[in-house]
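**Q** When we follow full-length UniProt numbering, the leftmost residue of the sequence shown carries the number 1, and every step to the right adds one.
Okay, handing you the structure first.
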Amino acid sequence: MSASDLDRALHATVLKREAVKEAEYRAARQKHEEEVRLGFGATDMTKEELKKLIDSDRRMYYRSEELNDKLFIQYKGWKELKNLEGWTGLRALYGECNAFDRISGLSSCRNLRSLFLQENCIKKIEGLEGCPLLWNLNLNNNFIERIEGLSHLRSLNTLTIQRNKIGFSGVDDLVHLVETTISTLDVQDNKIWDPDVLPEVFVRMGDLRVLYLKGNPYLDDRPVFPEDRRAAEAFNRGGLEEERAERRRIKEEENAQHERNMKAFQDMIDNVRREKRERDSMRDEDKYTNASDPVISQERRMQQQVEKWKQEHAEEIKDDAKVHAERCLRSESGDERTAKKAEPEQRYEGEKFCSEKEEDGASNDKRRLVYEDIWDA
């Protein structure tokens, strides 16, 4: 074999070995990506994945699917709700934060009572025909435009459907609620703008007890006062003309109430003045004055209590800065000159005390001090 043939054979062997290595690397990488995808956001809700979920927590799940009454499948990234045929005893399903685009796979879950599918990609309410005992349904943060597919759920008590797209078509998007048994309805942060939803839908819901409407164009977050409610009820009775007439009646009632209040206030002033005149005339004929009257009035009693408290707490309410300022003022005016000759005067200036000796000519100092201006004021 020549050297060129040997080189070609060696080169072919190297290429074959590299191809094998490349195939092994690709297979290992694909397997690793599948494991990562299945563990942190799988795109398929398979029976194998559900079995892994059961095996991952033996304290929460039974090995037999039909014995489990709860299922937690949040944050899986699954696109389709399926493979629940064996979960016949399921009563609560927590499937929020996935990528479900519709409600499906629940035909065998006839005992389901609570269904949580918030934060998915659901566009239509459907697939609940096999859940006649459903009590609580949460569909927040989806893409639903119309409430429907709930009339057959005669046990449904609570519907939470915040932050969807309900209301663009007015009453038609919510009229289906009239046929339901819902007691608690939460439709906050939707697109409900039509005021007719109140008389046409919510008023006609016989079992409705709690309603959340905040965040819709229908409401402006302002409190509803009694006159606003009266005007709205009048509009429902007879349209715009009835509302205008009701507002005129409200205005007349407000004016009449204002006049009554003003008259009552004037009567109160007149009564006080009359009582004062009576007291003054009685005092003129009385031998006692206000200070010597043995009968203590409420005002005098309160004043005596205040004076007594001040005497008992004289040290607590004593203003040290004011006392020191007065002492300094008397000292500089010559009142304490003889008493302070032996020791320097401690005078407060700003944030410090300073010492200075009194001089014989201090009494002749006619300068006005800051303290004098303060106390004169």
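Heads up, the beta-carbon is just placed ideally off N, CA and C, and yes, glycines get one too.
(1) Can you name the start and end residues of the beta strand (DSSP E) that Ser114 belongs to?
(2) From Glu96 to Arg249, what distance separates their C-alpha atoms?
(3) Taking the alpha carbon of Thr158 as the reference point, which residue from Trp78, Glu252, Ala234, Leu115 has its own alpha carbon closest?
(4) If you draw a straight line from the alpha carbon of Glu316 to that of Met282, how long is it in whole angstroms?
(5) For the region 205–214 against the region 179–194, do three or more pairs of beta-carbon atoms, one drawn from each stretch, fall closer than 8 Å, so that the two count as touching?
(6) So if DSSP puts Lys70 in a beta bridge, which residue, or which two residues, is it bridged to?
(7) Just to confirm my understanding: we take Ser155, look at its own chain, exclude 5 residues before and 5 after, and list those with CB closer than 6 Å. What are they?
(8) Can you give me the start and stop residues for the alpha helix (DSSP H) that Asn255 sits inside?
(9) Give me the Cα-Cα distance between Ile374 and Asp320, rounded to the nearest whole angstrom.
(10) Closer than 7 Å by C-beta to Ala99: which residues in its own chain qualify, once you throw out the five before and the five after it? Chain order, please.
(11) Return the first residue and the last residue of the alpha helix (DSSP H) that Leu53 is part of.
(12) CA-CA distance, Glu24 and Leu139?
(13) Which one or two residues does DSSP pair with Asn136 in a beta bridge?
(14) For the beta strand (DSSP E) holding Asp194, just list the boundary residues, first then last.
(15) Quick check on the DSSP output: the beta strand (DSSP E) that includes Asp186 runs from which residue to which?
(16) Could you name the residues of the same chain whose beta carbon sits closer than 6 Å to that of Val197, not counting the 5 residues immediately before and after it, in chain order?
(17) When the Cα of Asn216 is compared with those of Lys51, Ile192, Glu253, Glu233, which residue comes out closest?
(18) Can you tell me whether Val210 is helix, strand or coil according to DSSP?
(19) Measure from the alpha carbon of Leu71 to the alpha carbon of each residue in Ile147, Arg113, Glu252, Glu33, then state which is nearest.
(20) For Ala99, name the three-state secondary structure that DSSP assigns.
(21) Leaving aside the five residues before and after Ser151 along the sequence, list all residues of the same chain whose C-beta is less than 8 Å from its C-beta, in chain order.
(22) Rounded to whole angstroms, how far is the Cβ of Asp101 from the Cβ of Lys123, which I believe are closer than 8 Å?
(23) So, for Ser108: in the same chain, excluding its five sequence neighbours on each side, which residues have a beta-carbon less than 8 Å away from its beta-carbon?
(24) What is the rounded straight-line gap between the Cα of Glu332 and the Cα of Lys308?
(25) According to DSSP, is His324 part of a helix, a strand, or is it coil?
(26) Which residues in the same chain as Asn164 place their Cβ atom closer than 6 Å to its Cβ, once the five residues preceding and following it in sequence are excluded?
(27) Is it buried or exposed for Ser4, if we count other Cβ within 10 angstroms and need 16 for buried?
(28) Just to confirm my understanding: we take Leu10, look at its own chain, exclude 5 residues before and 5 after, and list those with CB closer than 6 Å. What are they?
(29) Give a yes or no on whether the C-beta atoms belonging to Tyr218 and Asp194 are separated by under 9 Å.
(30) Taking Cβ positions, are Glu242 and Phe235 nearer each other than 9 Å?
**A** Reading from the atomic positions:
(1) Looking at the DSSP string, the run of the beta strand (DSSP E) that includes Ser114 is 114–116.
(2) When the Cα atoms are used, Glu96 and Arg249 turn out to be separated by approximately 53 Å.
(3) The option with the nearest alpha carbon to Thr158 is Leu115.
(4) One C-alpha to the other measures close to 42 Å.
(5) Judged by pairs of C-beta atoms under 8 Å, the region 205–214 touches the region 179–194, as three or more such pairs exist.
(6) According to DSSP, which records beta bridges pairwise, Lys70 is partnered with Ala92.
(7) Taken in chain order, the residues that qualify are Leu133, Trp135.
(8) Per DSSP, Asn255 belongs to the alpha helix (DSSP H) from 226–284.
(9) Note that Ile374 scores a pLDDT of 48, beneath 50, so its modelled location is shaky; the value from the coordinates is reported in the next line. Those two C-alpha atoms are separated by around 15 Å.
(10) Excluding five sequence positions before and after Ala99, the CB atoms of its chain that fall closer than 7 Å to its own CB belong to Gly77, Trp78, Lys79, Asn120, Cys121, given in chain order.
(11) Looking at the DSSP string, the run of the alpha helix (DSSP H) that includes Leu53 is 47–56.
(12) Roughly 45 Å separates the two Cα atoms.
(13) For Asn136, which the question treats as bridged, DSSP gives the partners Ser114, Thr158.
(14) The continuous stretches of beta strand (DSSP E) do not include Asp194, and DSSP gives it neither H nor E.
(15) Its beta strand (DSSP E) spans residues 184–186.
(16) Cβ neighbours of Val197 within its own chain (closer than 6 Å, five residues either side excluded): Val171, Leu174.
(17) Taking only the C-alpha atoms, the option nearest Asn216 is Ile192.
(18) The three-state secondary structure of Val210, taken from DSSP, is strand.
(19) Checked all of Ile147, Arg113, Glu252, Glu33; the closest Cα to Leu71 is Arg113.
(20) Collapsing the DSSP output to three states places Ala99 in coil.
(21) In its chain, beyond the 5 residues on either side, His176, Glu179, Thr180 have a beta carbon closer than 8 Å to the beta carbon of Ser151.
(22) Indeed, because the Cβ distance is near 7 Å, the residues count as touching under 8 Å.
(23) So the qualifying residues of the chain are Leu84, Glu85, Gly86, Trp87, Thr88, Gly130.
(24) Looking at the two C-alpha atoms, the distance is approximately 34 Å.
(25) In the three-state DSSP reduction, His324 falls in the helix class (H, G or I).
(26) Only Asn142, Ile144, Asn190 meet the Cβ criterion.
(27) Answer is exposed; the Cβ neighbour count stays below 16.
(28) The same chain holds no residue with a CB closer than 6 Å to that of Leu10 once the five nearest residues on each side in sequence are set aside.
(29) Yes, they are a contact pair.
(30) By the CB criterion at 9 Å, Glu242 and Phe235 fall inside the cutoff.
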